[in-house]
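Novice:
Protein chains: 2
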Amino acid sequence: MAGRPRDERTRNRILRRAADIASAEGLEGLSIGRLAADLGVSKSGLFGYFGSKEELQLATVRVAAEVYLQEVVRPALAAPPGLGRVWRLCDGWLDYSERRVFPGGCFFFAVTAEFDARPGRVRDAVAAAGLEWNRLVTRTVDDARRLGELTEDTEPGQLAFELTAFLETANAVSLLHDDPAAYRRARTAVRTRLRAAATDPAALPGPDPAA
Amino acid sequence: MAGRPRDERTRNRILRRAADIASAEGLEGLSIGRLAADLGVSKSGLFGYFGSKEELQLATVRVAAEVYLQEVVRPALAAPPGLGRVWRLCDGWLDYSERRVFPGGCFFFAVTAEFDARPGRVRDAVAAAGLEWNRLVTRTVDDARRLGELTEDTEPGQLAFELTAFLETANAVSLLHDDPAAYRRARTAVRTRLRAAATDPAALPGPDPAA
DNA sequence: TAATTAAGCGAACGTTCGTGCTGAAAAGAG
DNA sequence: CTCTTTTCAGCACGAACGTTCGCTTAATTA
Chain L
1 MAGRPRDERT
11 RNRILRRAAD
21 IASAEGLEGL
31 SIGRLAADLG
41 VSKSGLFGYF
51 GSKEELQLAT
61 VRVAAEVYLQ
71 EVVRPALAAP
81 PGLGRVWRLC
91 DGWLDYSERR
101 VFPGGCFFFA
111 VTAEFDARPG
121 RVRDAVAAAG
131 LEWNRLVTRT
141 VDDARRLGEL
151 TEDTEPGQLA
161 FELTAFLETA
171 NAVSLLHDDP
181 AAYRRARTAV
191 RTRLRAAATD
201 PAALPGPDPA
211 A
Chain R
1 MAGRPRDERT
11 RNRILRRAAD
21 IASAEGLEGL
31 SIGRLAADLG
41 VSKSGLFGYF
51 GSKEELQLAT
61 VRVAAEVYLQ
71 EVVRPALAAP
81 PGLGRVWRLC
91 DGWLDYSERR
101 VFPGGCFFFA
111 VTAEFDARPG
121 RVRDAVAAAG
131 LEWNRLVTRT
141 VDDARRLGEL
151 TEDTEPGQLA
161 FELTAFLETA
171 NAVSLLHDDP
181 AAYRRARTAV
191 RTRLRAAATD
201 PAALPGPDPA
211 A
């Protein structure tokens, strides 16, 4: 009945490498031939794991989402809800970008810019991931507000927009100009913005560069 | 001695279209064959204008910079230095993105994300343009500070970072989720941030959505 | 007007792309 | 151990890529 089972470890190696390449060269720049040669397997063998390039791209987005969950989301959710968790989320994101978990910076930043202006299933998957991330940040902010740690008139969607703007721009500036000051700027911006919205500004954790 | 001169109008048509395509599909996704077919000229004829794909990409970056100058920078510089000019710069940028001067949103946002993680002359050109833009925003902010319209302790580089973050994120969110609220959010963020740094918050022009 | 120089086209180059086909090695089932 | 089923490498395909080569045609100069 059953023949040779597909090697799950090889599959993971393929996708992890695919995500690394895509973060730097894009999901279109990712080619099956180069990827196969890189990993020492045959082009058709690798192809068999997915059946089409689009399916490979979709699978790559999925593993990148898992990495993102592991590296950014879960550590932040370890903190209790409130302002502290908002900070951990932002600071953890900057750390994830700065540590170059993906060599080309944040995977989703790269592929979002690549696919945001064309139709298709890959774009839909990327957009869904972005929406989920945005909802998480918004909910985390709203939790802090409900707990009374942010002023009543704080609009969660608005604040989430501003915070993620700082994060993504730090990623972009750091990559383009190789400027580590970008992360410092982003942390300063996040802290200042959260202090402005906090009911108790002194409650915000983290070091203060304006010391 | 001299033969037929190259048609400058055709060259401009080529590059303007190239910039349009690149804003949506990237400068690598831009293919000479498709571009030539699009414009009704032969592949080799078009190729002759530039001599290599890289040269075509560099020329495309240059005309995109001219468009950017025309659509964003010059209108803002028409306003006198100060807080008003800072606002005009941000508001004009959002307008340029929202009007889809390039169909794929801001050209430089797209190609920056595409080239920020690989070496080469195209990347260098894009990085130089980004640096110039950043310097312009920083100088415009600093002018306002020197004029006493922003508080003395305002750090121009930091404020410029935050303002451009709002702009670029509005562009990205709008493209990915087709969400016009992104521009409203960005304008709100810019206005709030400038009010916080202004010596006279009431001096800030523009309508207030919180009315 | 005649000579000269370069523009722009059509065709083809070699390479790489994603994708099938074929055959041999490999692993579970009986 | 045999049979069956599936993986995987090797090869080839058509299409598209950037690029080059002649050839024709048009504009400029003498």
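Protein sequences appear in the order of chains L and R.
With the UniProt record's numbering applied, the first sequence corresponds to residues 1 to 211, in that order.
With the UniProt record's numbering applied, the second sequence corresponds to residues 1 to 211, in that order.
No residue lacks a Cβ here, since even glycine has one placed at the ideal position from N, Cα and C.
A quick note: this is a predicted structure, and the numbers were derived from the prediction, not measured.
Can you tell me the Cα-Cα spacing of Gly33 (chain R) and Asp91 (chain L), whole angstroms?
Specialist: Looking at the two C-alpha atoms, the distance is approximately 45 Å.
Novice: Please report whether the beta-carbon of Ala24 (chain L) lies at a distance below 9 Å from any beta-carbon of chain R.
Specialist: Answer yes: the Cβ-Cβ gap between Ala24 (chain L) and chain R drops below 9 Å somewhere.
Novice: Step through the CB atoms of chain R and report whether any lies within less than 9 Å of the CB of Glu54 (chain L).
Specialist: Cβ-Cβ to chain R under 9 Å: no for Glu54 (chain L).
Novice: Against chain L, with Cβ distances strictly below 9 Å, would Arg118 (chain R) count as a contact?
Specialist: It does: the Cβ of Arg118 (chain R) has a partner Cβ on chain L nearer than 9 Å.
Novice: If you compare alpha carbons, which of L:Leu175, L:Thr188, L:Gly45 is closest to Asp124 (chain R)?
Specialist: The option with the nearest alpha carbon to Asp124 (chain R) is L:Leu175.
Novice: When we look at the beta-carbon of Thr54 (chain L) and count the other beta-carbons within 10 Å, is it buried (16 or more) or exposed?
Specialist: For the sequence presented, residue 54 (chain L) should be read as Glu rather than Thr. Per the 10 Å Cβ criterion, exposed.
Novice: Please report the straight-line C-alpha distance between Ala22 (chain R) and Gly29 (chain R), rounded to a whole angstrom.
Specialist: Looking at the two C-alpha atoms, the distance is approximately 7 Å.
Novice: Using a threshold of 9 Å, state whether the C-beta atoms of Thr199 (chain R) and Glu162 (chain R) are closer than that.
Specialist: No, they are not a contact pair.
Novice: Rounding to the nearest angstrom, what Cα-Cα distance links Ala182 (chain L) and Val173 (chain L) in this structure?
Specialist: If I take the Cα positions, the gap works out to 6 Å.
Novice: Please name the residue, chosen from L:Ala165, L:Gly45, L:Arg4, that lies closest to Trp93 (chain L) on a Cα-to-Cα basis.
Specialist: Per the Cα distances, L:Ala165.
Novice: Strictly below 8 Å CB to CB, what residues from chain R border Gln158 (chain L)?
Specialist: Simply Arg185, Thr188, Ala189.
Novice: Which value, in whole angstroms, describes the spacing of the CA atoms of Leu136 (chain L) and Ala144 (chain R)?
Specialist: Spanning the two alpha carbons is a distance of roughly 37 Å.
Novice: Measuring alpha carbon to alpha carbon, tell me which residue in R:Ile14, R:Asp20, R:Glu98, R:Leu69 is nearest Arg184 (chain R).
Specialist: Of the candidates R:Ile14, R:Asp20, R:Glu98, R:Leu69, the one whose C-alpha sits nearest the C-alpha of Arg184 (chain R) is R:Glu98.
Novice: Mapping the DSSP letters down to three states, classify Ala160 (chain R) as helix, strand or coil.
Specialist: Helix at Ala160 (chain R).
Novice: What number of angstroms, rounded off, separates the C-alpha of Leu69 (chain R) from the C-alpha of Gly105 (chain R)?
Specialist: Approximately 15 Å, taken between the alpha carbons.
Novice: Got a sec: is the Cβ-Cβ distance from Leu176 (chain R) to anything in chain L below 9 Å?
Specialist: Yes - at least one Cβ of chain L is within 9 Å of the one on Leu176 (chain R).
Novice: Let me know the secondary structure DSSP gives Ala210 (chain R) once reduced to three states.
Specialist: Model confidence at Ala210 (chain R) stands at a pLDDT of 43, short of 50, so the residue's coordinates are unreliable and nothing is read from them.
Novice: Flag this pair as yes or no: are the beta carbons of Arg16 (chain L) and Val63 (chain L) separated by less than 9 Å?
Specialist: Yes, Cβ-Cβ distance for Arg16 (chain L) and Val63 (chain L) is below 9 Å.
Novice: Using CA coordinates, which residue listed in L:Val101, L:Ala189, L:Glu114, L:Arg195 is at the minimum distance from Glu66 (chain L)?
Specialist: Closest option to Glu66 (chain L), Cα to Cα, is L:Val101.
Novice: Among residues of its own chain, excluding the 5 on either side of Leu58 (chain R), which ones have a beta-carbon nearer than 8 Å to its beta-carbon?
Specialist: Around Leu58 (chain R): Arg121, Val122, Ala125.
Novice: Using a Cβ cut-off of 9 Å, which residues of the segment 27-52 of chain L contact any Cβ in chain R, in chain order?
Specialist: Listed in sequence order: Glu28, Gly29.
Novice: Going along chain R, which residues have a C-beta under 7 Å from Glu98 (chain L)?
Specialist: Near Glu98 (chain L) there are no residues of chain R at all, since even the closest Cβ is about 14 Å away, more than 7 Å.
Novice: List the residues of chain R whose Cβ lies closer than 8 Å to the Cβ of Leu131 (chain L), in chain order.
Specialist: Ordered by position in chain R, the residues that pass the 8 Å Cβ test against Leu131 (chain L) are His177.
Novice: Grab me the residues of Leu147 (chain R)'s own chain with a C-beta within less than 7 Å of its C-beta, minus the 5 sequence neighbours each way, in chain order.
Specialist: Same-chain partners within the cutoff: Pro81, Gly82.
Novice: Helix, strand or coil for Leu15 (chain L)? Go by DSSP, reduced to three states.
Specialist: The answer is helix: DSSP assigns Leu15 (chain L) an H, G or I state.
Novice: So what's Leu150 (chain R) in DSSP terms, helix, strand or just coil?
Specialist: In this structure, Leu150 (chain R) counts as strand in the three-state DSSP scheme.
Novice: Leu169 (chain L) to Thr138 (chain L), Cα distance in whole Å?
Specialist: Checking the sequence, you will find Thr at residue 169 (chain L) rather than Leu. About 18 Å.
Novice: For chain L, find out if any of its Cβ atoms is closer than 9 Å to the Cβ of Glu152 (chain R); answer yes or no.
Specialist: So, not an interface residue.
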